[in-house]
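Those sequence lines, one after another, are chains L and P.
Read in the working numbering, the first sequence has 323 at position 123, and its numbers run on one by one without any break.
Read in the working numbering, the second sequence has 96 at position 31, and its numbers run on one by one without any break.
From the three backbone atoms N, C-alpha and C, an ideal C-beta is built for every residue, glycine too.
Just below is one structure, and these are the notes that go with it.
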Amino acid sequence: MTALLEIKDLHVHFPIKNGTFQKKTGKVKALNGIDLAVNKGEVLGIVGESGCGKSTLARSIVGLQKPTSGDILFNGEAYTDASAKEIYELRRNMQMVFQDPYTSLNPRMKVSDSIAAPLKAYKQTKNLESRVKELMELVGLNPDMHYNRLPHEFSGGQRQRIGIARAIALEPKLIVCDEPVSALDVSVQAQVINLFQDLQKKLNLTYVFIAHDLSVINHIADRVAVMYLGKVMEKSNRETFQAHAQHPYTNALLSAVPLPDPDKERTRERIVLKGELPSPANPPSGCVFHTRCPKATEFCKTNIPVPEERGVPGQEVACFYPVGEEEKVRITL
Amino acid sequence: MLEVNDLHVHLETPAGLVKAVDGVSFRLEAGQTIGIVGESGSGKSVLAHSLTKLNPEPPATYPKGEILFQGENILTMNKRRLRSMRGNEIAMIFQDPMSSLNPVFKIGKQLIEAIQTHQKLSKKEAQQKAIELLTDVGIPDPERRMQSYPHQFSGGMRQRVLIAIALAARPKLLIADEPTTALDVTIQAQIIELLKSIQQKYGTAIIMITHDLGVVANLADRILVMYAGKIVESASTADIFYKTAMPYTWSLLRSIPRLDAGASERLLHIEGQPPNLIDPPQGCNFHPRCPFARDACLQENPPLGERGPGHLAACVLSQPEFEKEKKGVLLS
Ligand SMILES: Nc1ncnc2c1ncn2[C@@H]1O[C@H](COP(=O)(O)OP(=O)(O)OP(=O)(O)O)[C@@H](O)[C@H]1O
Ligand SMILES: Nc1ncnc2c1ncn2[C@@H]1O[C@H](COP(=O)(O)OP(=O)(O)OP(=O)(O)O)[C@@H](O)[C@H]1O
Ligand code: SF4
Ligand code: SF4
Ligand SMILES: [Mg+2]
Ligand SMILES: [Mg+2]
Chain L
201 MTALLEIKDL HVHFPIKNGT FQKKTGKVKA LNGIDLAVNK GEVLGIVGES GCGKSTLARS
261 IVGLQKPTSG DILFNGEAYT DASAKEIYEL RRNMQMVFQD PYTSLNPRMK VSDSIAAPLK
321 AYKQTKNLES RVKELMELVG LNPDMHYNRL PHEFSGGQRQ RIGIARAIAL EPKLIVCDEP
381 VSALDVSVQA QVINLFQDLQ KKLNLTYVFI AHDLSVINHI ADRVAVMYLG KVMEKSNRET
441 FQAHAQHPYT NALLSAVPLP DPDKERTRER IVLKGELPSP ANPPSGCVFH TRCPKATEFC
501 KTNIPVPEER GVPGQEVACF YPVGEEEKVR ITL
Chain P
66 MLEVNDLHVH LETPAGLVKA VDGVSFRLEA GQTIGIVGES GSGKSVLAHS LTKLNPEPPA
126 TYPKGEILFQ GENILTMNKR RLRSMRGNEI AMIFQDPMSS LNPVFKIGKQ LIEAIQTHQK
186 LSKKEAQQKA IELLTDVGIP DPERRMQSYP HQFSGGMRQR VLIAIALAAR PKLLIADEPT
246 TALDVTIQAQ IIELLKSIQQ KYGTAIIMIT HDLGVVANLA DRILVMYAGK IVESASTADI
306 FYKTAMPYTW SLLRSIPRLD AGASERLLHI EGQPPNLIDP PQGCNFHPRC PFARDACLQE
366 NPPLGERGPG HLAACVLSQP EFEKEKKGVL LS
């Protein structure tokens, strides 16, 4: 089976410019060799701390960011060097939902026009009004009440629903969601997560779902990729991600998440990482995680680990010294 | 040490009167940690700021209530006493550390200044003290780091500096308003461990404000749950999580995705959104969203009632009624 989306050795580097003449003085390796595949109908969760390259990955997938090198394939066809016209065709099948529902909508555009915009762009204007109303109902907005309103009259959760209605308007196969629930209140976040899950079933959608909140990823993803400084550290199934993570970074992340359960919170052990995130303009040599890794050795400073299977089928770990089950017990969730 | 009695804080805005804090009472003992949780707009920050009367006036007014800190009422204190109280006995840290640091001065200078406003120390002694404090909060190479400007620090390091400044006078009470919300999870874990170690070392009482139930599960001895400017449940941390007595708390706990949950369970759907505080719903403020709401809930806002030792909840349902109803809601 070919994957719906495949990402092969993807690099995105941004030049760092300095001084009056904007001379190039270095580069930020926002993505530094990413390999990922997303199968039809699944949710690939992408998690990692600020600046690890999640949004750059999302933008590359939907063709908003040109890769420096590497390939991205949709249905087996590469579109890395696609023309504007080809990207236009591609976007019919691939849409994006953004984090900030406040800035991703045109403040002067009526909600109905916002939702109709992608339909017009692809000349699907037959029965436009009834289609827009149908979409509003699908995402839980009331067409009678909300059709002619402006974005500022909506709450954050409702605006995110508008963004979702736009994204599903063309019946795409894949939706790339970049932190779509991070800005929402807890109770509203639950509504929007449930909506994503309902729509996925109803419309047979595939999601690339980005979040920095591991609990959200654990809830929604079928498979999870953990990123650090432009690289994938570990790929796993949802079950193995949570219970059998092998990468020291994944384990540190899991142990850092505060659980809403005082007994567990007070008995489990926390792996507190030392230091701060290094700058992606100047990433550490060898394994990029070695400056903060509790298991790092001299070897890790000069050798680069690649993701490979280490005993658990479907789970790939980029580490020379994966965390064993006996080590994991102490941070048990 | 701190006793808040029937506190009301109003904000006069062009759109109308915001009752941001609407009859809040609680006590805090020395060395204790209280967590205040609630969603956006529930009044957490306004409450936190009123504890040292830091809300800008206008728009804030304090029409009713008292805040007793070691027996003295903060609301009626004269300006001089209030100023010496802030920073000396009660210190605050906020969500956005950049806004509390001056971008044009070096970290060291700001820290030394903070130390000298509270203690009569020579420049040299203050400098020594500053290095100690930065070491305390885990800034590596503090001597060199004193020469840095705030923008040269990461978010986590700036928050540490603010904690260092807050600790400069060895306050008895530290109020932390979402100090980790803007930080990455591994940095958040560092800051939480830091706050715990400070508490152990100096016996500082802490009021920790957050919307993250996990953070308070770890840190707090007691938890106050806020909704629409009121405390709707108040109990020991264990009781809040394991003997939840108020439908809002209960719904909130079931609407958050959990890292320790097994196979993907559906999140509980709380209808609607948090209310606006200019025109909050009549009766129980939670009733338009409450899965247990009934006619009685429209009559009046239920007062806090006792559900167990030290456990208060504001709901018309008695504990046995609530236990029975819960099963029905989970099944539906
Ligand atoms: N257009 C750009 N020009 C230069 N650098 C960029 C650009 N976009 C992103 N970067 C840098 O690339 C790195 C990755 O950024 P990206 O936004 O992809 O991270 P992220 O994982 O989405 O972070 P966050 O969680 O904060 O959203 C960062 O160091 C960022 O500063
Ligand atoms: N300066 C102000 N002027 C007018 N209204 C204000 C002001 N500050 C706060 N409010 C209002 O008071 C209410 C309580 O706000 P507060 O900031 O205390 O909420 P919060 O619980 O801290 O929320 P968050 O989680 O978003 O920080 C809100 O309705 C808010 O809109
Ligand atoms: S390769 Fe070495 S430094 Fe990298 S994660 Fe594994 S043990 Fe740590
Ligand atoms: S008083 Fe009624 S509406 Fe309010 S929380 Fe209790 S059951 Fe729900
Ligand atoms: Mg991003
Ligand atoms: Mg606040």
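In DSSP terms, what residue i is bridged to
{"i": "L/Tyr407", "result": "L/Val243, L/Ile375"}
{"i": "L/Ala278", "result": "L/Leu273"}
{"i": "P/Lys295", "result": "P/Tyr292"}
{"i": "L/Val228", "result": "L/Phe214"}
{"i": "P/Glu77", "result": "P/Leu82"}
{"i": "L/Val297", "result": "L/Cys377"}
{"i": "L/Lys208", "result": "L/Asp271"}
{"i": "L/Lys435", "result": "L/Ala425, L/Glu516"}
{"i": "P/Gly370", "result": "P/Ala378"}
Segment limits, beta strand (DSSP E) that includes residue i
{"i": "P/Ile101", "result": "98-102"}
{"i": "P/Lys189", "result": "First-last for P/Lys189: 188-201, but that is the alpha helix (DSSP H), not the beta strand (DSSP E)."}
{"i": "P/Gly130", "result": "125-134"}
{"i": "P/Leu273", "result": "Note on residue identity: the sequence assigns Met, not Leu, to residue 273 of chain P. Start and end: 270-275."}
{"i": "P/Asp286", "result": "Careful: P/Asp286 lies outside any beta strand (DSSP E) and carries neither H nor E."}
Whether residue i touches residue j by CB criterion (8 Å)
{"i": "P/Ile228", "j": "P/Ile158", "result": "yes"}
{"i": "P/Ala300", "j": "P/Ile274", "result": "no"}
{"i": "P/Asp286", "j": "P/Gln97", "result": "yes"}
{"i": "P/Gln160", "j": "P/Glu258", "result": "no"}
{"i": "P/Ile155", "j": "P/Leu238", "result": "yes"}
{"i": "L/Val311", "j": "L/Gln265", "result": "no"}
{"i": "L/Ala317", "j": "L/Leu328", "result": "no"}
{"i": "P/Leu186", "j": "P/Val226", "result": "no"}
{"i": "P/Leu369", "j": "P/Ala361", "result": "no"}
{"i": "L/Gln324", "j": "L/Gly357", "result": "no"}
{"i": "L/Ala367", "j": "L/Val243", "result": "no"}
{"i": "L/Lys474", "j": "L/His490", "result": "no"}
Inter-residue Cα distance where the pair is residue i and residue j
{"i": "P/Asn283", "j": "P/Ile101", "result": "13 Å"}
{"i": "L/Glu379", "j": "L/Gly524", "result": "31 Å"}
{"i": "L/Ile272", "j": "L/Lys464", "result": "42 Å"}
{"i": "P/Ser115", "j": "P/Val74", "result": "8 Å"}
{"i": "P/Glu208", "j": "P/Ile196", "result": "6 Å"}
{"i": "L/Ala365", "j": "L/Val297", "result": "10 Å"}
{"i": "L/Thr456", "j": "P/Thr269", "result": "Contrary to the premise, residue 456 of chain L reads as Ala rather than Thr in this sequence. L/Ala456 and P/Thr269: Cα-Cα distance of roughly 24 Å."}
{"i": "L/Met294", "j": "L/Leu210", "result": "18 Å"}
{"i": "L/Ile410", "j": "L/Val376", "result": "8 Å"}
{"i": "P/Ala95", "j": "P/Ile271", "result": "9 Å"}
{"i": "P/Leu133", "j": "P/Met291", "result": "20 Å"}
{"i": "P/Pro312", "j": "L/Lys402", "result": "31 Å"}
{"i": "L/Lys326", "j": "L/Ala481", "result": "50 Å"}
{"i": "P/Glu137", "j": "P/Thr302", "result": "28 Å"}
{"i": "L/Leu257", "j": "P/Gly294", "result": "41 Å"}
{"i": "L/Thr280", "j": "L/Arg423", "result": "24 Å"}
{"i": "P/Leu333", "j": "L/Gln400", "result": "18 Å"}
{"i": "P/Met150", "j": "L/His412", "result": "39 Å"}
{"i": "L/Ala496", "j": "L/Arg470", "result": "18 Å"}
{"i": "P/Thr245", "j": "P/Ser164", "result": "15 Å"}
{"i": "P/Arg210", "j": "P/Gln193", "result": "13 Å"}
{"i": "L/Val388", "j": "L/Ser355", "result": "10 Å"}
Residue interval of the alpha helix (DSSP H) (run including residue i)
{"i": "P/Thr182", "result": "172-183"}
{"i": "L/Met427", "result": "No alpha helix (DSSP H) holds L/Met427; the beta strand (DSSP E) holding it covers 423-428."}
{"i": "L/Glu289", "result": "284-293"}
{"i": "L/Arg259", "result": "254-261"}
{"i": "L/His419", "result": "414-420"}
{"i": "L/Asp344", "result": "343-346"}
{"i": "L/Glu498", "result": "498-502"}
{"i": "P/Lys261", "result": "250-267"}
>> For the structure I just gave you, are there three or more beta carbon pairs, one from the region 323-340 of chain P and one from the region 353-364 of chain P, closer than 8 Å?
In response: Result yes; three or more Cβ-Cβ pairs closer than 8 Å.
> Would the region 433-440 of chain L and the region 501-516 of chain L be scored as touching if the rule is three or more Cβ pairs under 8 Å?
Replying inline: Three or more beta-carbon pairs drawn from the region 433-440 of chain L and the region 501-516 of chain L are found closer than 8 Å, and the two stretches are therefore classed as touching.
> When Cβ atoms are compared, which residues of the region 375-404 of chain L fall closer than 7 Å to chain A?
Replying inline: Here the protein chains are L and P, and chain A is not one of them.
>> Using 8 Å as the cut-off, can you tell me whether the region 234-248 of chain L makes contact with the region 415-429 of chain L, which would need three or more C-beta pairs spanning the two stretches below that distance?
In response: With the cut-off at 8 Å, the region 234-248 of chain L and the region 415-429 of chain L touch.
> When the Cβ atoms of the region 105-120 of chain P are set against those of the region 80-96 of chain P, are three or more pairs found closer than 8 Å?
Replying inline: Yes: at least three Cβ pairs fall under 8 Å.
>> I want to know whether the region 388-396 of chain L touches the region 230-237 of chain L - three or more CB-CB distances under 8 Å.
In response: Fewer than three Cβ pairs drawn from the region 388-396 of chain L and the region 230-237 of chain L lie within less than 8 Å of each other, which leaves the two stretches out of contact.
> Are the region 333-347 of chain L and the region 357-372 of chain L touching, with three or more C-beta to C-beta distances below 8 Å?
Replying inline: By the Cβ rule, the region 333-347 of chain L counts as touching the region 357-372 of chain L, because three or more pairs are nearer than 8 Å.
>> Within 8 Å, do at least three Cβ pairs link the region 438-456 of chain L to the region 203-222 of chain P?
In response: These segments do not touch.
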